[in-house]
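Protein chains in written order, with the numbering used here: chain A, 5 to 213; chain B, 5 to 213; chain C, 5 to 213; chain D, 5 to 213.
Positions of the beta carbon are idealized from the N, C-alpha and C atoms, including for glycine.
Please read these numbers as outputs of a predicted model, since none were measured by experiment.
One structure is given below, encoded as structure tokens.
There are 4 protein chains.
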Amino acid sequence: MKAQELKKQSSVERILSAALEIFADSGFEGARIDEIAARAAVNKAMIYYHIGDKRALYARVLHDVFSDTATRLTQRVARAQTPVKKLKAYIRSMAATFEQHPLLPPILMREFASGGRNFPETVAEDMLRILDTVSSIVKQGHKKKVFIHVHPLVLHLMVVGTMTYIRSTRPVRQRLVDIAEKEVLLPESEDGSAPLADVEKLVLRAIKR
Amino acid sequence: MKAQELKKQSSVERILSAALEIFADSGFEGARIDEIAARAAVNKAMIYYHIGDKRALYARVLHDVFSDTATRLTQRVARAQTPVKKLKAYIRSMAATFEQHPLLPPILMREFASGGRNFPETVAEDMLRILDTVSSIVKQGHKKKVFIHVHPLVLHLMVVGTMTYIRSTRPVRQRLVDIAEKEVLLPESEDGSAPLADVEKLVLRAIKR
Amino acid sequence: MKAQELKKQSSVERILSAALEIFADSGFEGARIDEIAARAAVNKAMIYYHIGDKRALYARVLHDVFSDTATRLTQRVARAQTPVKKLKAYIRSMAATFEQHPLLPPILMREFASGGRNFPETVAEDMLRILDTVSSIVKQGHKKKVFIHVHPLVLHLMVVGTMTYIRSTRPVRQRLVDIAEKEVLLPESEDGSAPLADVEKLVLRAIKR
Amino acid sequence: MKAQELKKQSSVERILSAALEIFADSGFEGARIDEIAARAAVNKAMIYYHIGDKRALYARVLHDVFSDTATRLTQRVARAQTPVKKLKAYIRSMAATFEQHPLLPPILMREFASGGRNFPETVAEDMLRILDTVSSIVKQGHKKKVFIHVHPLVLHLMVVGTMTYIRSTRPVRQRLVDIAEKEVLLPESEDGSAPLADVEKLVLRAIKR
DNA sequence: CATGAATGAGTTTTCATTCAT
DNA sequence: GATGAATGAAAACTCATTCAT
């Protein structure tokens, strides 16, 4: 973004999106308040004035991303009719989230890696909503005998795990290509849509009777 | 470990295992040399004397874990006869690795999250060996018409992604239970073996003709 | 005070009384403009608009308290006839001042402690007037052979020192009681009047022939 | 002190005496860690390494001064025989403390002024020991009918209040002289010994039957 | 090998003060 | 008069790294 475009957004918006990028890039501990302020073209003290300390900023950023993820998911799933359609809606909704917030995967991964040390309470609630939705899909599909018996959590972790890994390993895989030369390691189209279709296919095969 | 037991290991060993724990817990940026030295019961300067700076220590720790993972995997897979057995061997070998090095998942996740910023070259080579093995399993299974067509990388990321997520989300899930109370979110036996069996089942269903 | 009552006073009045409290509580360096503004229910910039910077605010606050102290003292003493009565008038006037401005003792103590670094000129003049009054009382009493020879300054410091210590050590003494439990350390009635009577008695005994 | 002399003391000693001076001069909030480090000719980080944060440093400094004050006092008083001699011993011991630690008065005054906000627990215990000593002197003197009835706390505050005021108002009084010119306001010899003798005389007159 | 002390360059956070509206 | 936002300089505290012994 150019400086001019930046100025069109409010300070708070600029702070939040800069923070999102930098937290995604460097993690909570690695992120530097100075850098966030600089990228947001904002005086450092403004971050404290508008939002609070580093932890509060992180919480705010995460919450903003999570809250609408959860609501969108429940809505989409609710609109779908059969369990299979609901499952597809769930998978695509997750995919869409990662599409729209490509910075979420690294943040998520780091959070889990550190035991959720910096995880704000509000985000935890959003996660619970998501898990509830997955649970009900699985339960319903099982009752109607279209799905085998699976723990919904395992299913969810498989979907999220696979997707976030596909997205976030890209830079490392690129480095592997540079080193190895011999094989093509990146199947996806630039936007990741192809492998996400694969995920849908595989998950459905895994779970359908 | 008690102080006495600690003393039985060499300084270097103590440093490396302390570093592994702390890097797993806090990530590269979050880890503190002071803390590593304290946990290793070693003078801080000794780390620099024996191993080098923080980055070198990290590389050393990662390499030590990775190198034998790759060889064990190729050996086990080679011993299995049919594609299905090879696939099972691969999945179990990965599971065994995470079993034996429970600190690997968080480290891996963080590494990918940060684009492999701290990834040492040697580790990259180990990863390539693993991918080669997976590739050959898939190719062979497809040729023999027992597997559907999948990109081996997607398969691998699904296996690794699911497993590492199952392991590393445990603390966060625990917190969710504390918050929500309403549902049991932890299906696994303490060592995570149950869900890993699930993973095997699901992956086979997903991929088998 | 309730917000409604606050609004009845002018902004300046609210600022000044808020500032008095906070300076008394935290000292010049410890006081925060933000806090003063908040307590005065006034926008921070208004303090600068109406009064000036932190130092100016402090000077203003101090002066407001001191100016009438000095005049009241001289008046009361003038009205008394004999040296003993004058001395009593002086002691009671000082006591009344501290009664009316309970925030004065801490401010005074801090000022002296820091060598009067923030002492405004105007206040110095008020202090000189007070010392003059004490001097004349002592001189007259000595001439009439009712008082022993004392340096008026020592007398004044004894009176002021004792009184301000009695008042301002109360919180600390309370903490001592909490820690020690064994003895009652607070002789005064809540308003401090009892010990001030003691002071009068002791000072008179000390100085009378 | 010259740089050479400084080097003869250990870092910790240098830190502590620098801190004492600066805390006395500027109070807890006003003191700057940077300045303390500079005066101690020590790297700032060394303060944290050896002692801890600002509050810990303050506690350490205060405790060092207080602990021996209390013990010296009890010893001296114990050696004296009659109540009057004990009282004199007490007064002189306090005077000696202020003589030896001229930086104590300002620190004390500020502490009381701020309600003991930064008062470390250990110091509180030392204060209690002192108060106990004064109590027993008064009680004994009263029983033997040589003293009138006084609350020991009022006595103590009179002694300490007067002494600390005499010492700590000197700079302000000097400024008054500069402003007023007309009167000599400083009766004491440079070391404050003369007025302290006055204090002894006055207090004895006040309290003796 | 081992240790305690030292260093210097950050890093987060705070705060008095000012500006635009 | 009044307000919310902005600024810049400093303050406390941290940490990887090195040194002297």
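Within a Cβ cutoff of 7 Å, which residues of the same chain sit near residue i, ignoring the five residues on either side of it in sequence?
{"i": "K148 of chain B", "result": "P87"}
{"i": "F123 of chain B", "result": "E115"}
{"i": "D3 of chain C", "result": "One cannot answer for residue 3 of chain C here, as it falls past the ends of chain C, which runs 5 to 213."}
{"i": "G134 of chain C", "result": "Before going further, note that residue 134 of chain C is Ile rather than Gly in the sequence given. Hits under 7 Å: A74 and L77."}
{"i": "H146 of chain B", "result": "H153"}
{"i": "V207 of chain C", "result": "I95, M162 and V163"}
{"i": "P109 of chain D", "result": "F102, T168, R171 and S172"}
{"i": "S71 of chain C", "result": "D130"}
{"i": "G31 of chain A", "result": "R114"}
{"i": "G1 of chain A", "result": "Within the shown structure, residues of chain A are numbered from 5 to 213, placing residue 1 of chain A beyond reach of any answer."}
Cβ-heavy atom distance between residue i and the ligand ATP below 6 Å?
{"i": "Y53 of chain D", "result": "You won't find the ligand ATP in this model; it holds no ligand whatsoever."}
Helix, strand or coil for residue i, going by three-state DSSP, please let me know.
{"i": "F151 of chain C", "result": "strand"}
{"i": "V127 of chain A", "result": "helix"}
{"i": "V188 of chain C", "result": "Note that V188 of chain C has pLDDT 49, beneath the 50 cutoff, so the model's placement of it is unreliable and the number below is only indicative. It is coil, neither helix nor strand."}
Determine the burial state of residue i: buried for a count of at least 16 other Cβ atoms within 10 Å of its Cβ, exposed for fewer.
{"i": "D2 of chain A", "result": "The structure shown does not extend to residue 2 of chain A, since chain A spans only 5 to 213, so no value can be given for it."}
{"i": "E17 of chain A", "result": "exposed"}
{"i": "G215 of chain B", "result": "Given that chain B is displayed from residue 5 to residue 213, the structure contains no residue 215 of chain B and the question cannot be resolved."}
{"i": "T125 of chain D", "result": "According to the sequence provided, residue 125 of chain D is Glu. The question's Thr does not apply to it. With fewer than 16 other Cβ atoms within 10 Å, it is exposed."}
{"i": "A49 of chain B", "result": "exposed"}
{"i": "A41 of chain B", "result": "buried"}
{"i": "Y53 of chain D", "result": "exposed"}
{"i": "S97 of chain A", "result": "buried"}
{"i": "R36 of chain A", "result": "exposed"}
{"i": "S21 of chain A", "result": "buried"}
{"i": "R59 of chain C", "result": "exposed"}
{"i": "D3 of chain D", "result": "Limits of chain D in this structure are 5 at one end and 213 at the other, which puts residue 3 of chain D out of reach."}
{"i": "S14 of chain A", "result": "exposed"}
By Cβ distance, which residues of its chain are closer than 8 Å to residue i, with the 5 residues on each side in sequence left out?
{"i": "Y94 of chain C", "result": "L77, R80, V81, T137, V138, I141 and V163"}
{"i": "V203 of chain A", "result": "I95, A99, V163, T166, M167 and I170"}
{"i": "K212 of chain C", "result": "V88, V150, F151 and I152"}
{"i": "K92 of chain C", "result": "A84, E204 and L208"}
Near residue i, what residues of its chain come up, given a Cβ to Cβ distance below 6 Å and the 5 sequence neighbours on each side ignored?
{"i": "L132 of chain A", "result": "none"}
{"i": "A23 of chain C", "result": "I40, L61 and V65"}
{"i": "H105 of chain A", "result": "V69"}
{"i": "K90 of chain D", "result": "V81, A84 and I141"}
{"i": "Q144 of chain D", "result": "P87"}
{"i": "A128 of chain A", "result": "none"}
{"i": "R43 of chain D", "result": "A22"}
Is there contact here, the segment 142-156 of chain C with the segment 141-160 of chain D, by at least three beta-carbon pairs under 8 Å?
no
Residue ranges of each alpha helix (DSSP H) within the segment 41-125 of chain A, 4 or longer
48-54, 58-83, 87-104 and 108-117
Three or more C-beta pairs closer than 8 Å, one from the segment 24-42 of chain D and one from the segment 54-69 of chain D: is that the case here?
yes
Does the segment 109-116 of chain A come into contact with the segment 167-183 of chain A, if we say contact requires no fewer than three beta-carbon pairs (one atom in each stretch) closer than 8 Å?
yes
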